[in-house]
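J.: Below is a structure I'd like to ask you about.
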Ligand SMILES: [Zn+2]
Ligand SMILES: [Zn+2]
């Protein structure tokens with residue numbers, strides 16, 4: 084199996100979008116299509132992939148703004164954890180709050196579950212609520228890769244002061260579900276530079292590894 088991946092910032096809030104696919108089967112996923120649909124489709128084309136699914140770490144506007152356009156172009160399934168459905172449905176008011184033009188997003192047609200396997204790259208969904216109730220992380224053990232959304236950042240963690248945020252839950256998600264992964268795992272957060280699980284366990288001053 085030959086897995087290809089590119090992660091790059093898109094959209095008004097520079098959300099890290101990831102294109103991941105298998106060049107043998109030609110099937111791929113787009114994680115967090117937060118903007119710049121042309122750029123995303125360029126990366127997809129450069130790998131020669133057919134996009135099967137748009138997979139969202141959560142339903143904040145900056146992670147979903149290009150979902151409609153890419154769904155139109157590819158016919159891909161739109162995936163979200165059901166606990167973020169209310170946020171997805173409130174996209175218009177999210178856009179108003181940030182002063183960003185509103186374009187409707189397609190309704191999700193696949194609801195993600197905790198520990199659900201992702202066919203592409205042997206991945207698995209990990210439900211990591213806290214930043215939002217339906218926040219998901221996506222772990223690819225073979226690749227040593229975690230897409231953490233806005234749950235865990237380099238030296239920081241996701242904010243919990245927005246509607247639906249919960250600091251206790253965020254801490255528990257990180258300690259129980261993420262700090263228990265292989266320490267060498269590369270973490271691609273929702274924004275900013277990458278890190279590793281081990282570095283965050285040792286150096287993250289917001290959420291420490293359990294003693
Ligand atoms: Zn967010
Ligand atoms: Zn974000």
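Residue numbers (the working numbering): 84 to 294.
Backbone N, C-alpha and C fix where the C-beta goes; we use that ideal spot for every residue, glycine too.
Please read all numbers here as calculations on a predicted model, not as lab measurements.
Hey, residue 111 and residue 134: beta-carbon distance below 8 Å or not?
T.: yes
J.: From the DSSP output, in three-state form, read off residue 250 for me.
T.: Collapsing the DSSP output to three states places residue 250 in a helix.
J.: Could you tell me which whole beta strand (DSSP E) segments of length 3 or greater appear in the stretch 104-176?
T.: 110-114, 133-138, 160-163
J.: What does a CB cutoff of less than 7 Å around residue 188 pick up in its chain, not counting 5 residues either side in sequence?
T.: 147, 150, 151, 171, 174
J.: Does residue 196 pass the burial test, meaning 16 or more other C-beta atoms within 10 Å, or should it be called exposed?
T.: Counting Cβ neighbours within 10 Å, residue 196 comes out exposed, since fewer than 16 surround it.
J.: Following the continuous beta strand (DSSP E) through residue 88, name the residue where it begins and the one where it ends.
T.: 86-93
J.: Kindly indicate the opening and closing residues of the alpha helix (DSSP H) around residue 232.
T.: First-last for residue 232: 228-232, but that is the beta strand (DSSP E), not the alpha helix (DSSP H).
J.: Tell me whether residue 166, by its Cβ, gets closer than 7 Å to a heavy atom of ligand 1.
T.: Checking every heavy atom of ligand 1 against the Cβ of residue 166, none is found closer than 7 Å.
J.: Please state the DSSP three-state secondary structure of residue 239.
T.: strand
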